[in-house]
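So the sequence shown is numbered by this note's numbering: it starts at 1 and just counts up by one.
All C-beta atoms in this analysis are idealised placements derived from N, C-alpha and C, irrespective of residue type, glycine included.
Predicted model, so just to flag it, every value in this text is computed and none were measured.
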Amino acid sequence: MFILKKWFLNSISRQVSLLLVLILGIALLLPAFYFYNTQKKEINQTTEQLTKQLIQSIKTSISKPLLFNDYFSGWQIINKQIINNRKQVSEGGLFKISEIAILDKKNKIFAHSSPENFPLQKKYTSSLPTTEQLPINSQSILITHQIDEGVSSIRLYSNAIFQGNRSGLIILQVDLSRLDKYNREKINSFIIYFISTITLILFIGVAFGKWISAPLNKIEKSLVEIGNGKLNLTSLIKRHDEYSRLAIALSNTDKDLHKNKSQVELLLDSTAEAIYGIDIEGCCTFVNKSCLKILGYTDKSEIIGKNMYQLLHKSPNTMDTYEKNISLINSTLIANKKMHIDNEYIWRKDATNFHAEYWSYPIIEKDELVGAVVTFIDVTDRIESLKKLKEREQYLSLMLHSIGDAVIATDEKGIITRMNPVAEKLTGWKFKEARNKTVKEVFIIIDASTRMPINNPIEKVMRTGEIIHLRNHTSLISKNGKEYHIADSAAPIRNEKGIIQGMVLVFNDVTEQYILRNKINEQQQKLQRIFDGMQSFVVILDIDGTLTFINETPLKLFNLSSDDVLGKKLWNLNFCSYDEKVQKDIKENCLQAASGKLSFNDIPLSTPKGLFWIELSIHPLLDESGNIIQLVAEGRDINQRKQQENILHRSQKMDAIGQLAGGIAHDFNNQLGVVIGYLDILQSTLHDEKQLQWIDNSSRATLRCIDLTRQLLTFSRNKPTNKTVIDINKLLQNLKNLIKRTVTPQVEVQYKLDDDLWLTDTDQNEFQDAILNLVINARDALPNGGKLIIETSNQTFDSDYATNQFDTSAGDYVQIAITDTGTGMDKKTLNHIFEPFFTTKEEGKGTGLGLAMVYSFVKRYHGNIRFHSDVNIGTTIHIVLPRSTYKSITKTSDKKTTQLPKGNESILIVEDEVDLLELASQYLTDLGYKIKTAENGQQALNILSEDSSIDLLFSDVVMPGGITGYELAEKIATQWPHIKILLTSGFTSKVKTKKSPSPYDENLISKPYRKAELAKHVRLKLDENKQ
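Shown next, in the form of structure tokens:
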């Protein structure tokens, strides 16, 4: 280290001296060199300038002679000027003009400074450009250098001259020998100055070097003394310069070094580890107190200088000292590298040994090994602990090998530390291969059902410290690709402080159980699918009626989940508990089945869509010994059957009414037709006002009878009769006065009509009758007054809503809602409101046909009706009718004509009622037609067989004799196709055939008819298909 410092200081001394010499040389020589070059440049510029001035003077002086073109006289004039100029320039200068010549454009001498040597008109032989080669008005000077025999320098200047149309060339030859001599003298002076300067600088550098090196040498010696522990800087400290300050700093450094050395020794003595140093021979050079204590020595002198490998390293068996080249303690000196020994015997002073772990580090100086530093600790306790730990590990290993489950243990980072043979078999990894790998690399698991990877449990265990049980459908993928179904769990390994040190994973092969369980699950799923696919209800109960299983069908119907019903008594479920009688019946059925008897019963259950009927059967389930263990309840859907039964009952009632009405209507309408007909005839013949009033009263009474008959006949109709496009809003506006008169004054009627209401296709009269029937019912429900609200709106139903709410198909509908704030109805009443003859009114105040007729009307036009009623709150009735495909109503003329259409065609009338036959004959005869009559179909055919010139057949539909009006029409259409056919009837249901509807239904005239109606239909039929 001191050699390095000495070299470094000497290097600085040399560098400082050299730097000083270089700086002085540059400072002295650079200005001199600059002055020399500047002066030389100025001399050349002066020579150049004087030459230019001379040439310009010559050009000015010869301009006049050139005008005369006289060589002789020109020479005389110019020669003197040339000689004067030459003399002027040459005297006292550093150069002289040796020759001046003026040439013409052919290089012939025009004038010369030495005319004796250069006569006029002689060719100038020097190599110069001609005036033609020079640019006009050129101011450039052409320079050439010539050296005469190496002695003097000659410089030639040439310049073109122009005077009018004449041109020439001026030649100046300048002798620079004086200038060259002057330059050489300057160079010699500069060389002498340079040599003197360098000598002076070197002298100064040497003197400075000695001046700075002497103190540095003393500092060098002082550093060596610092290394030896002896420092004397008194001579330097007494100086009053930088060296004294440096000496003071070095002295302070020496003190710090001694202080640091003491601190280092104190630090080494304070450590618990034993530390000693050895030289290249293995002899001790330093030892700390811990080393003395561990080895049993009391003073350092007992060890310092001793050979350590001989002192410490002996064979534990023979106590012989190891040879130097095989001693482990001495290995660093042998191998020249750091050494670490885990466990080696070291001997104490008292000849006892102990287990030690030690480290040895080489000491290198100038790339040479000079010794080593050795540190060691007593690891006897650790070795004994390791021995016990190894014994415990062996025991634990035996225990792990004996466990039938697979076990993998990890450290806190998830690195595998243990693995038993079962785990090796299942994972496909040997412990030697898996050791130091993570669990993720070895324990690869997936979901057996989804085939998707499962998060390894170690992360969650390490994060939460919880014991994790993975699902039993976990599959382990072994290293060789084999798959095992396993059941596994993971738990944290904690130390005595509760800190997680690792994880233990336990798993076992459950492939056989998995396969068996899958088969059982498949069978259960198959049974479940069978049960769920059944339309019947399947419920398994405990003997006390508690549900343990239910299939999917009832859950979907009641919008429930299995959690909503399992564990509850069957009769206490929502769909049963709505009615006490239903609850009682189901409970009795369960008790009967629990006693070993089979029970059957039709039960209505409550669903979100209403009541749902099932045929409930409950039977006991027996075990192998014949003991009742459970009950099985089956519910068969009979809702449709019940609905069909209700429809059938309602249809039967309707048919009964229709049959009754039809039985009366045919004869009654015939009689009413005769009455109203002859009343019309009487009205046309009488003129007395009182008599006409009697006729008018009779006609109105007869018309009311006709209307009543028409209403009764609606029960027997299955299809619309007079369907037209109508605007419901307009009809309701027209009915306002009638509705107002129908209800009591205490009833407030409100209308909320949609301004953009769609049109619908229905019979206007039937619609009005339906509205009036509903208004009358609302009035009767409001004995003390209240509100009656009539609303219309457009509705678009999807399939679900249309089916669930209105039992109709999806599409656009016109909705009429009639709401009253009356007494309302209970559910029991609502179940019967559409039944014919069902009424809640007092005897004599209602027939029970009103709502039945409304229901029949709505169904006939492909709509539906829905009631919602709450007792003492009120009732809302919704009627929906399909939207018409027409966008507008075809307007008909409102003009009424008193003139009936007439004609002169031949008409055959067939009617079994004689009075009505005479009336029809009278009507048509009055209108100008030729009439023939027949009382039955056969008579009509006989008439036509004799005379087929008939234009129109007008026949009743229902007639005695075996031939109906339809059959008669078909025969005539076949035999006499030119005859047009018009039918009439008061009741048609008895005579409809399989070919119905008939094409003759379109223009069929309903009985009773009046003269105007008959006249219009006859004329229309006769004019049909006319061009």
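Requested in this report: Could you name the residues of the same chain whose beta carbon sits closer than 7 angstroms to that of S799, not counting the 5 residues immediately before and after it, in chain order?
Outcome: Within the same chain, S799 has close Cβ partners A810.
Query raised in the report: Per DSSP, A274 is paired with what?
Result: Beta-bridge pairing links A274 to F376.
Query raised in the report: In chain order, what residues of the same chain have a beta carbon less than 8 angstroms from the beta carbon of T796, not counting five sequence neighbours either side?
Result: Setting aside the 5 residues that flank it on each side, T796 is surrounded in the same chain by G811, D812, Y813, each with a C-beta closer than 8 angstroms to its C-beta; the list follows chain order.
Requested in this report: Could you tell me which residues DSSP pairs with L952 in its beta bridges?
Outcome: For L952, the pairing in a beta bridge is given by DSSP as I907, K980.
Query raised in the report: Cα separation between Q133 and G168?
Result: Reliability fails at Q133, whose pLDDT of 48 lies under 50, so the model's placement of it is uncertain and no value is given.
Query - Cutoff 7 angstroms; reference D579; Cβ partners in own chain excluding five residues on either side - result: The answer is none, since no qualifying residue turns up.
Query raised in the report: At what residues does the alpha helix (DSSP H) containing P960 begin and finish?
Result: No alpha helix (DSSP H) holds P960; DSSP gives it neither H nor E.
Query raised in the report: Taking all protein chains shown into account, do 16 or more other C-beta atoms lie within 10 angstroms of the C-beta of A423, making it buried, or fewer, making it exposed?
Result: Buried, by the Cβ-count rule.
**Report entry** Cβ-based neighbour list, I623, same chain, cut-off 7 angstroms, excluding 5 preceding and 5 following
**Finding:** The displayed chain sequence assigns Asp, not Ile, to residue 623. Within the same chain, D623 has close Cβ partners I629.
Report task. With C284 as the anchor, note down where its beta strand (DSSP E) starts and where it stops. Result -> Per DSSP, C284 belongs to the beta strand (DSSP E) from 284 to 287.
Query raised in the report: If you drop the 5 nearest sequence neighbours on each side, which residues of the same chain put their C-beta closer than 6 angstroms to that of I816?
Result: Counting only Cβ-Cβ distances below 6 angstroms, and skipping sequence neighbours, we find T792, I879.
Requested in this report: Return yes when the Cβ of M419 is within less than 7 angstroms of the Cβ of I408, no when it is not.
Outcome: In this structure, M419 lies closer than 7 angstroms to I408 by Cβ.
Query raised in the report: So, is Y514 buried or exposed, given that buried needs 16 or more other C-beta atoms within 10 angstroms?
Result: Buried, by the Cβ-count rule.
Query raised in the report: Taking DSSP as the reference, what is the three-state secondary structure of R529?
Result: The answer is helix: DSSP assigns R529 an H, G or I state.
Query raised in the report: Could you give the distance in angstroms between the alpha-carbon of K995 and the alpha-carbon of E911?
Result: Residue placement at K995 is poorly supported in this model, since its pLDDT is 46, which falls under 50; the coordinates still yield a value, given next. Each residue's Cα considered, the two are about 23 angstroms apart.
Query raised in the report: Measuring CA to CA, which of N737, V539, N669, G673 is closest to S617?
Result: Cα-wise, what sits closest to S617 is V539.
Query raised in the report: Are V747 and L774 touching if we call contact CB-CB under 7 angstroms?
Result: Taking 7 angstroms as the Cβ cut-off, V747 and L774 do not qualify as a contacting pair.
Query raised in the report: Can you give the beta carbon distance from T875 to D820, rounded, assuming they're within the 8 angstroms contact cut?
Result: Right, their Cβ atoms sit about 6 angstroms apart.
Query raised in the report: To the nearest angstrom, how far is it from the Cα of N1025 to the Cα of K642?
Result: Distance from the CA atom of N1025 to the CA atom of K642, rounded to whole angstroms, is 51 angstroms.
Report task. Reducing DSSP to helix, strand and coil, say where H832 ends up. Result -> DSSP, reduced to helix, strand and coil, places H832 outside both helices and strands of the structure shown, so it counts as coil.
Query raised in the report: What residues in its chain sit with their C-beta under 6 angstroms from that of I377, if we drop five residues either side in the sequence?
Result: The answer, listed in chain order, is E273, E357.
Query raised in the report: Apart from the five residues just before and just after G545, which ones in its own chain have a Cβ nearer than 6 angstroms to its Cβ?
Result: Apart from the 5 residues on each side of it in sequence, G545 sits with its Cβ closer than 6 angstroms to the Cβ of K569, L570, C590 in its chain, given in chain order.
Query raised in the report: Taking Cβ positions, are P1008 and I676 nearer each other than 7 angstroms?
Result: Contact: yes.
**Report entry** For K887, the three-state DSSP class (helix, strand or coil)
**Finding:** Coil.
Query raised in the report: My guess is that I943 and K930 are in contact by the Cβ rule of under 8 angstroms, so how many angstroms apart are they, rounded?
Result: The pair is not a contact, with the Cβ atoms about 13 angstroms apart (cut-off 8 angstroms).
Query raised in the report: Near N670, which residues of its chain fall below 7 angstroms by C-beta distance, leaving aside the five closest residues on each side in sequence?
Result: Counting only Cβ-Cβ distances below 7 angstroms, and skipping sequence neighbours, we find E913, L916, G986, K1007.
Query raised in the report: Taking the alpha helix (DSSP H) that R435 falls in, what are its first and last residues?
Result: Membership of R435 in any alpha helix (DSSP H) is not indicated, and neither H nor E is assigned to it by DSSP.
Query - Closest Cα partner of Q939 within the set D951, Q922, D926, T964 - result: The shortest Cα separation from Q939 among D951, Q922, D926, T964 belongs to T964.
**Report entry** Alpha carbon of S342 to alpha carbon of M462, nearest angstrom
**Finding:** Sequence check: residue 342 is Asp here, not Ser. Roughly 33 angstroms between the two C-alpha positions.
Requested in this report: Could you check which residue in N777, Q899, A973 has the C-alpha nearest to that of I877?
Outcome: I877 has its Cα closest to that of N777, out of N777, Q899, A973.
Requested in this report: May I ask you to report which of helix, strand or coil DSSP gives G986?
Outcome: G986: coil per DSSP, three-state reduction.
Query raised in the report: Per DSSP, K752 forms a beta bridge with which residues?
Result: Residue pairing of K752 in beta bridges, as defined by DSSP: E791.
Query raised in the report: CB E634 to CB S489, shorter than 7 angstroms?
Result: Between E634 and S489, the C-beta spacing is not below 7 angstroms.
**Report entry** Nearest-angstrom Cβ-Cβ length linking E441 and Q501, presumed shorter than 8 angstroms
**Finding:** So it is not a contact: roughly 20 angstroms between Cβ atoms.
Requested in this report: Identify the continuous beta strand (DSSP E) that holds M308 and give its terminal residues.
Outcome: Not the beta strand (DSSP E): M308 falls in the alpha helix (DSSP H), residues 308 to 312.
Query raised in the report: Run through DSSP, which three-state label would H868 get?
Result: The answer is strand: DSSP assigns H868 an E or B state.
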